[in-house]
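Worksheet: one structure, shown below.
In this note's numbering, the protein residues as written are 8 to 234.
As structure tokens, this is what we get:
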């Protein structure tokens, strides 16, 4: 998925789409495609939008021997809506956001999904962050039970990679088409009692959403690529 406007990365994205930002001798999308190829990808469809015409020029028709196709949105369709425009989806396939830098084992994610027979499998990981403030725990009467000074909290987060079943995706898409983001699509599947599973990974992972994130990824990409 490479259709985002990349507004939080401005001015870096004023003349190129986010997917084509330089990274470790290649680009964001190039590094991702290389990782997917290592994990056994046999074809990739780039769902593009903002300045999407630049992607075929930069990437060509194959990457490491893997055929590339391009689907360009006339208007933003969200992180899942672009799937409505892709012809010939495999019975099960991966959807990956182009703005992640990771050594996630995409092959293991895909095989886990197929073995389970799930409608969707979401890659998940642990995110830790230290709060800026101390916290207070109190009972219903207001008696303080515990104070914690700037504690570290942990969350299970989405890693921006999903294995999906094509029939389940088609059934959950809005009948009128249009924009839809991946969390909404997955919520629709859950509401339909379609099995949605988690694939938990401890692999190194970075999100490139802001200029600061991008600079951090640029500093970290060499050790990630070496793994």
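Beta carbons: idealized from backbone N, C-alpha and C, even for Gly.
Can you tell me whether DSSP reads residue i as helix, strand or coil?
i: residue 110; result: coil
i: residue 83; result: coil
i: residue 115; result: helix
i: residue 194; result: helix
i: residue 233; result: For residue 233, the pLDDT reaches just 41, beneath the cut-off of 50, and the residue's location in the model is therefore unreliable, although a value from the coordinates is still provided. It is helical.
i: residue 27; result: helix
i: residue 20; result: coil
i: residue 183; result: coil
i: residue 123; result: helix
i: residue 226; result: helix
i: residue 220; result: helix
i: residue 15; result: helix
For residue i, report the span of its alpha helix (DSSP H) as first-last.
i: residue 176; result: 173 to 179
i: residue 36; result: 35 to 45
i: residue 90; result: First-last for residue 90: undefined, no H or E at that position.
i: residue 55; result: Not the alpha helix (DSSP H): residue 55 falls in the beta strand (DSSP E), residues 51 to 55.
i: residue 66; result: 61 to 66
Which residues mark the beginning and the end of the beta strand (DSSP E) in which residue i is found?
i: residue 131; result: 127 to 137
i: residue 5; result: Residue coverage of the chain in this structure runs from 8 to 234, which leaves residue 5 outside it and unanswerable.
i: residue 103; result: 99 to 103
i: residue 153; result: 151 to 155
i: residue 204; result: 203 to 207
Looking only at its chain, what residues have a beta carbon closer than 7 Å to the beta carbon of residue i, apart from the 5 residues adjacent to it on each side?
i: residue 7; result: This structure leaves residue 7 out entirely; the chain is present only between 8 and 234.
i: residue 188; result: 85, 86 and 87
i: residue 26; result: 9, 34, 35, 36, 62 and 105
i: residue 227; result: 213
Got a sec? Which residues, its chain only, sit under 6 Å from residue i by beta carbon, not counting five neighbours each side?
i: residue 172; result: 99 and 126
i: residue 20; result: 13
i: residue 84; result: 186
i: residue 192; result: 87 and 179
i: residue 170; result: 101, 116, 117, 120 and 128
i: residue 202; result: 125 and 126
i: residue 216; result: 15
i: residue 74; result: 50
Here's a check: name, in chain order, each residue in its chain whose Cβ is nearer than 8 Å to the Cβ of residue i, leaving out the five neighbours to either side.
i: residue 33; result: 41
i: residue 72; result: 44
i: residue 131; result: 163, 164, 165, 166, 205, 206, 207 and 208
i: residue 220; result: 213 and 214
i: residue 123; result: 202 and 204
Exercise. Taking contact to mean at least 3 C-beta pairs separated by less than 8 Å, is the segment 134 to 143 in contact with the segment 151 to 166?
Worked result: yes
Exercise. Any chance the segment 181 to 201 sits against the segment 148 to 157, with 3 or more Cβ pairs inside 8 Å?
Worked result: no
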